Amino acid sequence: MSELPLSVTVDAALQSAPATKARGYWATVGRRIRRDKVSMVCALVLLLIFLSAIVAPWLGLEDPYKGSMIRRLRHIGTSGYLLGTDELGRDMLARLIYGGRLSLLIGILPVILAFCIGTSLGLVAGYVGGKLNTAIMRTIDVFYAFPSVLLAIAISGALGAGILNSIVSLTVVFVPQITRVAESVTTGVRNMDFVDAARASGAGPFTIMRVHILGNVLGSIFVYATSLISVSMILAAGLSFLGLGTKPPEPEWGLMLNTLRTAIYVNPWVAALPGAMIFAVSICFNLLSDGLRSAMDIRN
Amino acid sequence: MLAYIARRIVYVVPIVISVALVCFLLVHITPGDPLVAVLPADASQELAAQLRTAYGFDRPLPVQFGLWLLRALHGDLGNSIATGRPVLAEVMRAVSNTVTLAIAAAIIGFTMGILLGLIAGYFRETWIDKLATSFAIAGVSVPHYWLGMVLVIIFSVQLNWLPAVGAGPGGSAAWAWDWAHLQYLVLPAITTSVIPMGIVTRTVRALTGDILSQDFVEALRAKGLHERGVFRHVIKNAAPTALAVMGLQLGYMLGGSILIETVFSWPGSGFLLNSAIFQRDLPLLQGTILILALFFVFLNLLVDIAQAAIDPRIKRG
Numbered sequence: 001m002s003e004l005p006l007s008v009t010v011d012a013a014l015q016s017a018p019a020t021k022a023r024g025y026w027a028t029v030g031r032r033i034r035r036d037k038v039s040m041v042c043a044l045v046l047l048l049i050f051l052s053a054i055v056a057p058w059l060g061l062e063d064p065y066k067g068s069m070i071r072r073l074r075h076i077g078t079s080g081y082l083l084g085t086d087e088l089g090r091d092m093l094a095r096l097i098y099g100g101r102l103s104l105l106i107g108i109l110p111v112i113l114a115f116c117i118g119t120s121l122g123l124v125a126g127y128v129g130g131k132l133n134t135a136i137m138r139t140i141d142v143f144y145a146f147p148s149v150l151l152a153i154a155i156s157g158a159l160g161a162g163i164l165n166s167i168v169s170l171t172v173v174f175v176p177q178i179t180r181v182a183e184s185v186t187t188g189v190r191n192m193d194f195v196d197a198a199r200a201s202g203a204g205p206f207t208i209m210r211v212h213i214l215g216n217v218l219g220s221i222f223v224y225a226t227s228l229i230s231v232s233m234i235l236a237a238g239l240s241f242l243g244l245g246t247k248p249p250e251p252e253w254g255l256m257l258n259t260l261r262t263a264i265y266v267n268p269w270v271a272a273l274p275g276a277m278i279f280a281v282s283i284c285f286n287l288l289s290d291g292l293r294s295a296m297d298i299r300n
Numbered sequence: 301m302l303a304y305i306a307r308r309i310v311y312v313v314p315i316v317i318s319v320a321l322v323c324f325l326l327v328h329i330t331p332g333d334p335l336v337a338v339l340p341a342d343a344s345q346e347l348a349a350q351l352r353t354a355y356g357f358d359r360p361l362p363v364q365f366g367l368w369l370l371r372a373l374h375g376d377l378g379n380s381i382a383t384g385r386p387v388l389a390e391v392m393r394a395v396s397n398t399v400t401l402a403i404a405a406a407i408i409g410f411t412m413g414i415l416l417g418l419i420a421g422y423f424r425e426t427w428i429d430k431l432a433t434s435f436a437i438a439g440v441s442v443p444h445y446w447l448g449m450v451l452v453i454i455f456s457v458q459l460n461w462l463p464a465v466g467a468g469p470g471g472s473a474a475w476a477w478d479w480a481h482l483q484y485l486v487l488p489a490i491t492t493s494v495i496p497m498g499i500v501t502r503t504v505r506a507l508t509g510d511i512l513s514q515d516f517v518e519a520l521r522a523k524g525l526h527e528r529g530v531f532r533h534v535i536k537n538a539a540p541t542a543l544a545v546m547g548l549q550l551g552y553m554l555g556g557s558i559l560i561e562t563v564f565s566w567p568g569s570g571f572l573l574n575s576a577i578f579q580r581d582l583p584l585l586q587g588t589i590l591i592l593a594l595f596f597v598f599l600n601l602l603v604d605i606a607q608a609a610i611d612p613r614i615k616r617g
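Chain order of the listed sequences is A and B.
All letters in the first sequence, in the order written, are residues 1 to 300 by our numbering.
All letters in the second sequence, in the order written, are residues 301 to 617 by our numbering.
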């Protein structure tokens, strides 16, 4: 007799559940971030820079590689050259837009790679624990003994200049940071009841990690990774600025800044333009990452 | 306290050895012959073999590492391939210039950061907070080498107020704290200070906000303590964390100065590292990175100990 009211209550609860129609977590986050003006403006600016970099060949721009000795270092606003020309007479507007292709690639790809590698390492270290955890995390500690700029430059400097080497060195810089975050959130989740429940129901470690843990930790690792993009953009362009990344005549913001350094006495503001692009992308990613973080913090 | 310090020091030993190993291996991931910088293009096989033996590149790797570590412990990091001078002396002279730069930048960045952070945390969600926060975000987002260029454009090229490059009369070895030298420090120091300024502002703002929302602050105000007294409590509670962040930032400034030193031709460790990379001077590259990393490790150790000294909760943990 006592069981009947209970099952009736449960039934009622189940029936009333669709009526309240709880919004999913990610839908809520999306709605919250769409209401955040700063984030939306940043997203728009980034979208503009990304799209123009992708469709650059169809924008009717000048050839970014074609220089001319007679039109070197034109000022900003010269007719025909909206943003002037560089030290070899190449159109700056075209080079800045084309430059987005390589600059964004070498800035963002290391974070994506480090996100995949670091999440896997951290997940395994955090879930398996024990000796494997010690081995992975103590190795990670060694990389923390180097300031990240120094580590990136040391690896790039040893490997030699080149786009691939610069991507590799930045990935090595970010893997430890992401691994540490991934390990700490995984350790927080792994002793929760639903993991025990999954294990009791016969799920193997791989399934538990993939299905039950990853879904719960991916969000925080992702937000952390987005906050690294700004640093990565600055460092990647910095490596090129030192001559360790892209090689001339490729249009890339860091390299352009380097080659235009000699022109700061002749045409200073044209020389500063590529850095302004790096700054714009970096600050937009930072603000967007902050916006995403507070949007995901549902409790507030 | 002593036991805690001893424990921290013991923990540092394996880190130091691993750091040395990474620095050592750096040379061996380098493509090409490490002797390429000293050998003339038409050198005979014999000369190459002789030099390889002289530099010890013909031994097995673990032996080379052991010998290198042993010599490094005696302060011998080998000789620079490009100049032939001892690496340690070259690096230490350059590091002293980097320390000068880092200290000047720390004074600017930390003072600004603490002030802005306290003000922003106290006036949370007002326009003052928004202004200070935007300043901080700009500080951490700006490519600092570009900021250096812009400052040079404004203050050297356009206004002609400050020198653009170098470290003043006498070059790298003759630093003095007078205006003739200090004017060369102003722009690089301001450029170096923006990242720590931004990070310290954000940290102190968050700490101040958290502390002010705690119950004990309510109690302090309820018992009639004036705001200046409340502020003293805020500072005392924020100090350990803020100190740790600032220590770490000082380490980043020492180790990460290469881009700024290149922009301003500041004769520090970063500038040395840059020339070591492009002259493929591997012993110098190895030595500079090792010394800078060790500075960073020991600075972290000092920060941990200082933090434990002012925050009694840490020692027990």
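For every residue, glycine included, the Cβ atom is placed at its ideal position computed from N, Cα and C.
This structure is a prediction, so every number in the text was calculated from the model and none was measured.
Boundaries of the alpha helix (DSSP H) in which residue i is found, first to last residue
{"i": "Y127(A)", "result": "92 to 128"}
{"i": "D358(B)", "result": "Note, D358(B): premise wrong, no alpha helix (DSSP H); not H, not E."}
{"i": "H444(B)", "result": "444 to 451"}
{"i": "D515(B)", "result": "515 to 522"}
{"i": "E618(B)", "result": "Absent from the model: residue 618(B). The displayed extent of chain B is 301 to 617, so no value can be given."}
{"i": "E425(B)", "result": "It is not in any alpha helix (DSSP H) - E425(B) carries neither H nor E in the DSSP assignment."}
{"i": "P274(A)", "result": "268 to 296"}
{"i": "V181(A)", "result": "163 to 190"}
{"i": "S569(B)", "result": "569 to 578"}
{"i": "R528(B)", "result": "527 to 555"}
Distance between residue j and residue i (C-alpha atoms, nearest Å)
{"i": "G24(A)", "j": "V223(A)", "result": "18 Å"}
{"i": "L573(B)", "j": "I589(B)", "result": "8 Å"}
{"i": "L121(A)", "j": "R138(A)", "result": "13 Å"}
{"i": "F285(A)", "j": "L218(A)", "result": "19 Å"}
{"i": "S289(A)", "j": "D429(B)", "result": "19 Å"}
{"i": "L96(A)", "j": "P110(A)", "result": "21 Å"}
{"i": "L273(A)", "j": "P496(B)", "result": "24 Å"}
{"i": "V452(B)", "j": "V266(A)", "result": "13 Å"}
{"i": "I651(B)", "j": "V327(B)", "result": "The structure shown does not extend to residue 651(B), since chain B spans only 301 to 617, so no value can be given for it."}
{"i": "L325(B)", "j": "A489(B)", "result": "33 Å"}
{"i": "E87(A)", "j": "E390(B)", "result": "35 Å"}
{"i": "I33(A)", "j": "Y98(A)", "result": "30 Å"}
{"i": "L123(A)", "j": "R190(A)", "result": "10 Å"}
{"i": "G413(B)", "j": "T353(B)", "result": "53 Å"}
{"i": "F564(B)", "j": "T400(B)", "result": "14 Å"}
{"i": "A94(A)", "j": "P64(A)", "result": "5 Å"}
{"i": "S434(B)", "j": "F531(B)", "result": "24 Å"}
Same chain, Cβ closer than 7 Å to residue i, neighbours up to 5 away in sequence not counted
{"i": "P176(A)", "result": "I140, F143, Y144"}
{"i": "T346(A)", "result": "Outside the shown range of chain A (1 to 300) lies residue 346(A), about which nothing can therefore be said."}
{"i": "R293(A)", "result": "V223"}
{"i": "T119(A)", "result": "I178, A182, I221"}
{"i": "W269(A)", "result": "I76"}
{"i": "S148(A)", "result": "V173"}
Proximal chain A residues relative to residue i, where beta-carbon distance stays under 7 Å
{"i": "A405(B)", "result": "Those do not exist, as A405(B) stays about 14 Å from chain A at its closest Cβ, beyond 7 Å."}
{"i": "Y484(B)", "result": "Per Cβ cutoff of 7 Å: no residues; Y484(B) is ~17 Å from chain A at best."}
{"i": "N574(B)", "result": "L242"}
{"i": "L326(B)", "result": "A154, A158"}
Residue i: contacting residues in chain B (beta-carbon distance under 8 Å)
{"i": "Y265(A)", "result": "V457"}
{"i": "A272(A)", "result": "W446, M449, V450, I453"}
{"i": "N286(A)", "result": "I437, V440, S441"}
Beta-carbon contacts of residue i that lie in its chain and below 6 Å, excluding the five residues immediately before and after
{"i": "G409(B)", "result": "S493, P496, M497"}
{"i": "G107(A)", "result": "S232, M233, A236"}
{"i": "L257(A)", "result": "F241, P274, G275"}
{"i": "R424(B)", "result": "G509"}
8 Å Cβ shell around residue i - same chain, five flanking residues per side excluded
{"i": "N288(B)", "result": "This structure leaves residue 288(B) out entirely; chain B is present only between 301 and 617."}
{"i": "H444(B)", "result": "T491, T492, V494, I495, L559, I560"}
{"i": "N133(A)", "result": "A125, G126, E183"}
{"i": "L46(A)", "result": "V281, C284, F285, L288"}
Residue i: contacting residues in chain A (beta-carbon distance under 8 Å)
{"i": "L559(B)", "result": "V149, G238, F241, L242"}
{"i": "G547(B)", "result": "Ordered by position in chain A, no residue passes the 8 Å Cβ test against G547(B), which lies about 12 Å from the chain."}
{"i": "V597(B)", "result": "A145"}
Check: residue i C-beta below 8 Å from any heavy atom of the ligand COA
{"i": "R293(A)", "result": "With respect to the ligand COA, the structure shown offers nothing to examine, as it has no ligands at all."}
Listed by chain order, chain A residues near residue i by CB distance under 9 Å
{"i": "I499(B)", "result": "Under the 9 Å cutoff, chain A gives no residues; its nearest Cβ is about 11 Å from I499(B)."}
Where residue i meets chain B, residues with beta-carbon distance less than 9 Å
{"i": "G275(A)", "result": "V442, P443, Y445, W446, L447, M449, V450"}
Checklist entry - Per the contact definition of three or more C-beta pairs closer than 8 Å, is the stretch 488 to 508 of chain B in contact with the stretch 414 to 425 of chain B? => result Here the stretch 414 to 425 of chain B makes contact with the stretch 488 to 508 of chain B; the two share three or more CB pairs at distances below 8 Å.
Item to check | Three or more C-beta pairs below 8 Å linking the stretch 247 to 262 of chain A and the stretch 184 to 202 of chain A | outcome: Proximity of the stretch 247 to 262 of chain A to the stretch 184 to 202 of chain A falls short of the contact definition, fewer than three beta-carbon pairs being nearer than 8 Å.
Item to check | the stretch 446 to 464 of chain B in contact with the stretch 257 to 264 of chain A per 3-pair CB rule at 8 Å | outcome: The stretch 446 to 464 of chain B makes contact with the stretch 257 to 264 of chain A: 3 or more CB pairs, one atom from each, lie closer than 8 Å.
Next on the checklist: Within 8 Å, do at least three Cβ pairs link the stretch 578 to 594 of chain B to the stretch 511 to 528 of chain B?
Outcome noted: Under the 8 Å Cβ criterion, the stretch 511 to 528 of chain B does not count as touching the stretch 578 to 594 of chain B, having fewer than three qualifying pairs.
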